[in-house]
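*Asks:*
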Amino acid sequence: MKTLAMGSSLTSAIVATVFSLFAACGTDISAPNNPTHAAALDFNPEQHLGDVEKNPSTPFLRYRADGHLFAIWTEDDDAGAKLNLSHGHEHAAGKMAPSPLRTAVLALSMDGGKTWSAPKRVNRDSEEIQGEENGPKVAFSADNRTYVVWSIPGSKGDKTRANIRFAMGDGRGGFTAARTLNEVNDAARFPIIEIAPDGNPLIAWIDRRIDNPKPRQLYLMRLKTDGHALTKNYRVGAGLCECCKLGIAFADGGKTVYMVDREVNDKQIRNHVLRKSVDGGATFGAPMQISDDGWQVPSCPHSGPSIGRDRRGWLHVAWFTMGRTEQEAGIYYSVSKDDGKSFAPRYLLHANTAPETLYNNLIAGDDDTVYFAWTNLDANNRAQVYLRTLRPDGRTWSPIQQISNAKGNASRPALALRKNDLQVAWTETDGEESRVVIRSARINP
Amino acid sequence: MKNRSEKGARNRHYLFALALTCASFTIATADFSAAQLMQQAAPNPGPAVGRNAIAFNLQTLEGKAVTLDTFRGKPLVMNFFASWCDPCRDEMPLINELAVKSAGNYQVLGIAVEDTRAALSEFAKEMKLVFPVALDLNNTVKRAYRIFGPPATFFIDSQGIIRDVVLGPLTPNQAREAMTKIAAAPVKIVPDKP
Numbered sequence: 001m002k003t004l005a006m007g008s009s010l011t012s013a014i015v016a017t018v019f020s021l022f023a024a025c026g027t028d029i030s031a032p033n034n035p036t037h038a039a040a041l042d043f044n045p046e047q048h049l050g051d052v053e054k055n056p057s058t059p060f061l062r063y064r065a066d067g068h069l070f071a072i073w074t075e076d077d078d079a080g081a082k083l084n085l086s087h088g089h090e091h092a093a094g095k096m097a098p099s100p101l102r103t104a105v106l107a108l109s110m111d112g113g114k115t116w117s118a119p120k121r122v123n124r125d126s127e128e129i130q131g132e133e134n135g136p137k138v139a140f141s142a143d144n145r146t147y148v149v150w151s152i153p154g155s156k157g158d159k160t161r162a163n164i165r166f167a168m169g170d171g172r173g174g175f176t177a178a179r180t181l182n183e184v185n186d187a188a189r190f191p192i193i194e195i196a197p198d199g200n201p202l203i204a205w206i207d208r209r210i211d212n213p214k215p216r217q218l219y220l221m222r223l224k225t226d227g228h229a230l231t232k233n234y235r236v237g238a239g240l241c242e243c244c245k246l247g248i249a250f251a252d253g254g255k256t257v258y259m260v261d262r263e264v265n266d267k268q269i270r271n272h273v274l275r276k277s278v279d280g281g282a283t284f285g286a287p288m289q290i291s292d293d294g295w296q297v298p299s300c301p302h303s304g305p306s307i308g309r310d311r312r313g314w315l316h317v318a319w320f321t322m323g324r325t326e327q328e329a330g331i332y333y334s335v336s337k338d339d340g341k342s343f344a345p346r347y348l349l350h351a352n353t354a355p356e357t358l359y360n361n362l363i364a365g366d367d368d369t370v371y372f373a374w375t376n377l378d379a380n381n382r383a384q385v386y387l388r389t390l391r392p393d394g395r396t397w398s399p400i401q402q403i404s405n406a407k408g409n410a411s412r413p414a415l416a417l418r419k420n421d422l423q424v425a426w427t428e429t430d431g432e433e434s435r436v437v438i439r440s441a442r443i444n445p
Numbered sequence: 446m447k448n449r450s451e452k453g454a455r456n457r458h459y460l461f462a463l464a465l466t467c468a469s470f471t472i473a474t475a476d477f478s479a480a481q482l483m484q485q486a487a488p489n490p491g492p493a494v495g496r497n498a499i500a501f502n503l504q505t506l507e508g509k510a511v512t513l514d515t516f517r518g519k520p521l522v523m524n525f526f527a528s529w530c531d532p533c534r535d536e537m538p539l540i541n542e543l544a545v546k547s548a549g550n551y552q553v554l555g556i557a558v559e560d561t562r563a564a565l566s567e568f569a570k571e572m573k574l575v576f577p578v579a580l581d582l583n584n585t586v587k588r589a590y591r592i593f594g595p596p597a598t599f600f601i602d603s604q605g606i607i608r609d610v611v612l613g614p615l616t617p618n619q620a621r622e623a624m625t626k627i628a629a630a631p632v633k634i635v636p637d638k639p
C-alpha cells in the first residue's frame, strides 16, 4: 500500500513533470517562460584585437563576399599623445588629460578569426572619432570595395550635433581622404552603412537639422560605387529618439528596405518601430509599432534596436526597453511573418538583472536560425555579454549563455556570421582602460 | 494511529511529488538565468527620498579622491551625466548656474557615467564647468543609484538625506523647488520658458 501510494504519487509527479515540460514546449513564442532548449554553442577562447596600450574599443564585424572577415574599431591616436606632450596639457592635480583623438582601424582575418592582419588606419587625418553606438561601420561591395562611415563631434565640439564622415578603399591598399556626408553641418549622428543589392552604398543616420520639434529625423543618402554622391541627403522619417543605432535589412533585390529605430512622442514615451520602403529606400511608409512597451523616459538610453531578415522573409527584431515598470525591463524579441504588417507579441529574451541599459544585436543564419547577443549584469554586478539562439521553428530557444568574463564591464556586442562560423566581438572597459575581445563558435558542425 | 501514519506518509509522498514537479518546472525554465533569480533573492533597495544617500568613492577629473563624506555638512546637488547624452547637454547650463550661484551655501558635484576621461575633459572645457566632476568609469555608483540612463539629479541635505530626485533633464522650476527641500539658501534661477 505504502509502495503503491509512493508509486502513484511518483506517477503523478512524472505526469505533471511531462505535462509541464510539454506545456513549456508547446506554447507560442510570444508567451514568456516557455524556454525549450537548443544546444548551447561551443566558443573558442577569447582573442584581443588592437594595441592594448591604445585602448581599443567599439568593434564592428563584417564578412566580405569572398569569405574574409573584417573588424573595425577605434584606438587612441598617436597624434593625440604627441599633441598633449607638446601642449603640456595638464590638470591642477598633475594628471595628464588624455587626448580625445581616436583613429578607426580595420583588420582582416582570412581564416575565420583565428589569425588577424595588422590593423590598418582608415582616417588619414586625426579626428575625434566617436565610439559606442556611434562607432565606425564598414561595408563591402560584391567586388570587394571597402566603404567606411563614422561620426565626429560638431565644429564646437558638441557630440550631439555631430558630422558623418566617409572614406573608401583607394585601390592601393589605403583609404581616400574622409569627407563629410551631411549637407547641413553639425546635425548628424549614429551612421550605418549597407550595400544595397543594386551595389550602391546606402548610408542612414539620425539627423537634427530641423531642431524643433525636438524628436529627430531619419536621413538617408546613396552613394555610387565609386563613392561619389548618387543622391543628396533626404529625409525619410521623423519622430526618432535622439540617440541609438538604427537597424536595416533588405529584400527583393533591394526594392524593399526595412529600418528599425526608437520613436519618441511628446509624452516622452519611447516605442520601437519598423519603417518599410518598397521603392528601394526613396520613400518609407508610416512607422509600424513593433510593441506597445509604454516606456516613458526623459533621459538617454543609448541602446538601439536590431533587425534581421531570414530566407523565408520573417523579420526578427530585438530591442531593450524598461517597459511600464522597472520589473518589465529587459531585452525583448518579436517576429513578423507577414512582411512587417504585424508583429507577434513581445517575448522576454532576458530580464534586466539590475537597473541598467542593455545593448543588443541579432543576426539570421542561412538555415533561418537567429543568433542574439546582448549585455546584462552578472552576479558580481558587472556587465557581460550573453548569447542565445532561436531555431528555425521559431519556438526552440537555446539556454542563455554568458560568453564574456569582463573584469570591469562588457558592452555593445557585434555579430557576424558566415556559413558555419559565428563571430561575436565586444568592448571591455575597466576604469580608464578598454580592449576589444572577439570569440568565435562553430555552428551546425 | 496506523491511519494517521499512513496519511502522513501519503502526504509526505504528495509533498515529494509536488516538490519534484516544482523542481522539474524550475529546471524547464532555468534558462531565465541564475542572475535573474539572484536579483529576486537580493534586491537592491536603491536610493529614495527620505533615505540616506549611498556612499561612493571616486576620483575627479583632476585625479582627486572624492567620497560622499567629502560633502557632508552642506547640501549637495549631485548630477549624473555623460558627455554623449543630449538631455545632459541641454540641462548642463542650469547645473553650472546652480554651481556659480552657490555662494558657499551648498555644493554641486557631477558624476560622469559610461564615459572616458578624454571625452569628459573636452566636455568640461567646452561647457566651462565650474563644479567638480567625478568619474564613475565602471558604473558602480550609477548602478547603486539605480539609474537606467543619464541625466538624473539628486538633492541631498546637509545630513546626507536625499530630499528630491529628478530623472531626466532638470528644469529651472524643478531646481528651484528641490533647492528649497535641501534648505539651501534661495537661489535666483532663470525661470522656465513658458
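If you read the sequences in order, they're chains H and G.
With this note's numbering, letter number 128 in the first sequence gets 128, and the count goes up by one each step, no holes.
With this note's numbering, letter number 3 in the second sequence gets 448, and the count goes up by one each step, no holes.
No residue lacks a Cβ here, since even glycine has one placed at the ideal position from N, Cα and C.
Just checking, does the stretch 64 to 83 of chain H make contact with the stretch 99 to 108 of chain H on the three C-beta pairs under 8 Å criterion?
*Replies:* Contact between the stretch 64 to 83 of chain H and the stretch 99 to 108 of chain H is present, because at least three Cβ pairs lie under 8 Å.
*Asks:* Using a Cβ-Cβ cut-off of less than 8 Å, list which residues of the stretch 521 to 543 of chain G approach chain H; keep chain order.
*Replies:* Within the stretch 521 to 543 of chain G, the qualifying residues are 527, 528, 529, 530, 531, 532, 533, 534.
*Asks:* I'd like to know if residue 354(H) contacts chain G, where contact means its C-beta is closer than 7 Å to some C-beta of that chain.
*Replies:* Taking the first sequence and counting its residues from 1, one reaches residue 354(H) at position 354. So, interface residue.
*Asks:* Which first and last residues belong to the alpha helix (DSSP H) in which residue 417(G) is found?
*Replies:* Any property of residue 417(G) remains undetermined from this structure, which presents chain G solely from 446 to 639.
*Asks:* Along the chain, where does the beta strand (DSSP E) that runs through residue 523(G) open and close?
*Replies:* By 1-based counting over the second sequence, the position of residue 523(G) is 78. That run of the beta strand (DSSP E) goes 521 to 526.
*Asks:* Any residues in the stretch 300 to 314 of chain H with a beta carbon nearer than 9 Å to a beta carbon of chain G? Which ones, in chain order?
*Replies:* So the list reads 300, 301, 302, 303, given in the order they occur along the chain.
*Asks:* Please list, in chain order, the residues of the stretch 232 to 253 of chain H that have any C-beta partner in chain G closer than 8 Å.
*Replies:* Listed in sequence order: 242, 243.
*Asks:* Measuring alpha carbon to alpha carbon, tell me which residue in 394(H), 178(H), 409(H), 386(H) is nearest residue 402(H).
*Replies:* Along the first sequence, read from residue 1 onward, the residue named residue 402(H) stands at position 402. For the residues 394(H), 178(H), 409(H), 386(H), the minimum Cα distance to residue 402(H) belongs to 386(H).
*Asks:* Between residue 416(H) and residue 361(H), what straight-line distance do the alpha-carbon atoms span, to the nearest angstrom?
*Replies:* Locating residue 416(H) in the first sequence gives position 416, counting from the first residue. Locating residue 361(H) in the first sequence gives position 361, counting from the first residue. If you take the alpha carbons of residue 416(H) and residue 361(H), they lie about 10 Å apart.
*Asks:* Give the straight-line distance between the Cα atoms of residue 197(H) and residue 252(H), rounded to the nearest whole angstrom.
*Replies:* The residue labelled residue 197(H) in the question sits at position 197 within the first sequence. The residue labelled residue 252(H) in the question sits at position 252 within the first sequence. Going from the Cα of residue 197(H) to the Cα of residue 252(H) covers about 9 Å.
*Asks:* Excluding five sequence neighbours on each side, which residues of the same chain lie with their C-beta closer than 7 Å to the C-beta of residue 230(H)?
*Replies:* What you label residue 230(H) is simply residue 230 of the first sequence in a count that begins at 1. Same-chain partners within the cutoff: 200, 222, 223, 224.
*Asks:* For the alpha helix (DSSP H) containing residue 566(G), name the first residue and the last one.
*Replies:* Reading the second sequence from its first residue, position 121 is the one you call residue 566(G). Unbroken alpha helix (DSSP H) run through residue 566(G): 562 to 571.
*Asks:* Applying the 10 Å Cβ sphere with the 16-neighbour rule, what's the burial state of residue 537(G)?
*Replies:* Residue mapping note: residue 537(G) aligns to position 92 of the second sequence, counting from 1. Buried, by the Cβ-count rule.
*Asks:* Return no unless some Cβ of chain G is closer than 7 Å to the Cβ of residue 54(H).
*Replies:* For this step, residue 54(H) is matched to residue 54 along the first sequence. No, because no Cβ of chain G sits closer than 7 Å to the Cβ of residue 54(H).
*Asks:* Using a Cβ-Cβ distance under 7 Å, would residue 564(G) count as near chain H?
*Replies:* Here residue 564(G) is taken as the residue at index 119 of the second sequence, counted from 1. Chain H contact via Cβ: present.
*Asks:* Can you name the residues that DSSP bridges to residue 250(H)?
*Replies:* The count along the first sequence starts at 1 and reaches residue 250(H) at position 250. 257(H).
*Asks:* Return no unless some Cβ of chain C is closer than 7 Å to the Cβ of residue 137(H).
*Replies:* No chain C appears in the structure shown, which is made up of the protein chains H and G.
*Asks:* What separation, rounded to the nearest whole angstrom, lies between the Cα atoms of residue 295(H) and residue 412(H)?
*Replies:* Reading the first sequence from its first residue, position 295 is the one you call residue 295(H). Reading the first sequence from its first residue, position 412 is the one you call residue 412(H). Approximately 21 Å, taken between the alpha carbons.
*Asks:* In chain order, what residues of the stretch 589 to 604 of chain G put their CB closer than 8 Å to some CB of chain H?
*Replies:* Those residues of the stretch 589 to 604 of chain G that come within reach of chain H (Cβ to Cβ, closer than 8 Å) are 591, 592, 593, 594, 595, 596, 597.
*Asks:* What residue range does the alpha helix (DSSP H) around residue 545(G) cover?
*Replies:* Stepping through the second sequence from its first residue, residue 545(G) is reached at position 100. Segment 531 to 545, the alpha helix (DSSP H) holding residue 545(G).
*Asks:* Excluding five sequence neighbours on each side, which residues of the same chain lie with their C-beta closer than 6 Å to the C-beta of residue 568(G)?
*Replies:* Translated into the one-based positions of the second sequence, residue 568(G) becomes position 123. The residues are 528.
*Asks:* If I'm right that residue 287(H) touches residue 263(H) with Cβ under 8 Å, what's the distance once you round it to whole angstroms?
*Replies:* Here residue 287(H) refers to the residue found at position 287 of the first sequence. Here residue 263(H) refers to the residue found at position 263 of the first sequence. Indeed they touch by this definition, with Cβ atoms about 6 Å apart.
*Asks:* Under 7 Å, Cβ to Cβ, is there at least one residue of chain H near residue 567(G)?
*Replies:* Along the second sequence, one-based indexing puts residue 567(G) at 122. Chain H contact via Cβ: present.
*Asks:* Mind checking if residue 119(H) is an interface residue toward chain G, Cβ cutoff 7 Å exclusive?
*Replies:* On the first sequence, position 119 is the one that residue 119(H) refers to. Answer no: the Cβ-Cβ gap between residue 119(H) and chain G never drops below 7 Å.
*Asks:* Can you say whether residue 330(H) is buried or exposed, counting buried as having 16 or more other CB atoms within 10 angstroms of its CB?
*Replies:* As a position in the first sequence, residue 330(H) is number 330, starting the count at 1. The residue is buried, with at least 16 neighbouring Cβ atoms inside 10 Å.
*Asks:* To the nearest angstrom, how far is the alpha carbon of residue 626(G) from that of residue 313(H)?
*Replies:* Translated into the one-based positions of the second sequence, residue 626(G) becomes position 181. Translated into the one-based positions of the first sequence, residue 313(H) becomes position 313. Roughly 57 Å between the two C-alpha positions.
*Asks:* Taking the beta strand (DSSP E) that residue 145(H) belongs to, which residues open and close that run?
*Replies:* In the first sequence, the residue the question calls residue 145(H) occupies position 145. Note, residue 145(H): premise wrong, no beta strand (DSSP E); not H, not E.
*Asks:* What number of angstroms, rounded off, separates the C-alpha of residue 426(H) from the C-alpha of residue 130(H)?
*Replies:* Here residue 426(H) refers to the residue found at position 426 of the first sequence. Here residue 130(H) refers to the residue found at position 130 of the first sequence. Each residue's Cα considered, the two are about 16 Å apart.
*Asks:* Can you tell me whether residue 327(H) is helix, strand or coil according to DSSP?
*Replies:* Stepping through the first sequence from its first residue, residue 327(H) is reached at position 327. If DSSP states are grouped into helix, strand and coil, residue 327(H) belongs with the helices.
*Asks:* What does DSSP give as the partner residue(s) for residue 277(H) in the beta ladder?
*Replies:* Sequence index remark: in the first sequence, residue 277(H) carries index 277 (1-based). Beta-bridge pairing links residue 277(H) to 257(H).
*Asks:* Between the stretch 175 to 184 of chain H and the stretch 580 to 589 of chain G, can you find at least three pairs of beta-carbon atoms closer than 8 Å?
*Replies:* With a cut-off of 8 Å, the stretch 175 to 184 of chain H and the stretch 580 to 589 of chain G do not count as touching, because too few Cβ pairs lie within range.
*Asks:* Kindly identify the DSSP beta-bridge partner or partners of residue 317(H).
*Replies:* Locating residue 317(H) in the first sequence gives position 317, where the first residue counts as 1. Paired residues: 307(H), 334(H).
*Asks:* Using only alpha-carbon positions, find the residue among 324(H), 428(H), 370(H) that is nearest to residue 559(G).
*Replies:* Reading the second sequence from its first residue, position 114 is the one you call residue 559(G). That would be 428(H), whose Cα lies nearest to the Cα of residue 559(G).
*Asks:* CA-CA distance, residue 340(H) and residue 220(H)?
*Replies:* Translated into positions along the first sequence, residue 340(H) becomes position 340. Translated into positions along the first sequence, residue 220(H) becomes position 220. Each residue's Cα considered, the two are about 20 Å apart.
*Asks:* May I ask you to list, following chain order, the residues of the stretch 330 to 363 of chain H that have a beta carbon less than 7 Å from some beta carbon of chain G?
*Replies:* Listed by position, the residues of the stretch 330 to 363 of chain H near chain G (Cβ gap below 7 Å) are 350, 351, 353, 354, 355, 356, 357.
*Asks:* Do you know whose CA, among 444(H), 439(H), 431(H), 442(H), lies nearest residue 55(H)'s CA?
*Replies:* Counted from its first residue, the first sequence places residue 55(H) at position 55. Out of 444(H), 439(H), 431(H), 442(H), 431(H) has the C-alpha closest to the C-alpha of residue 55(H).
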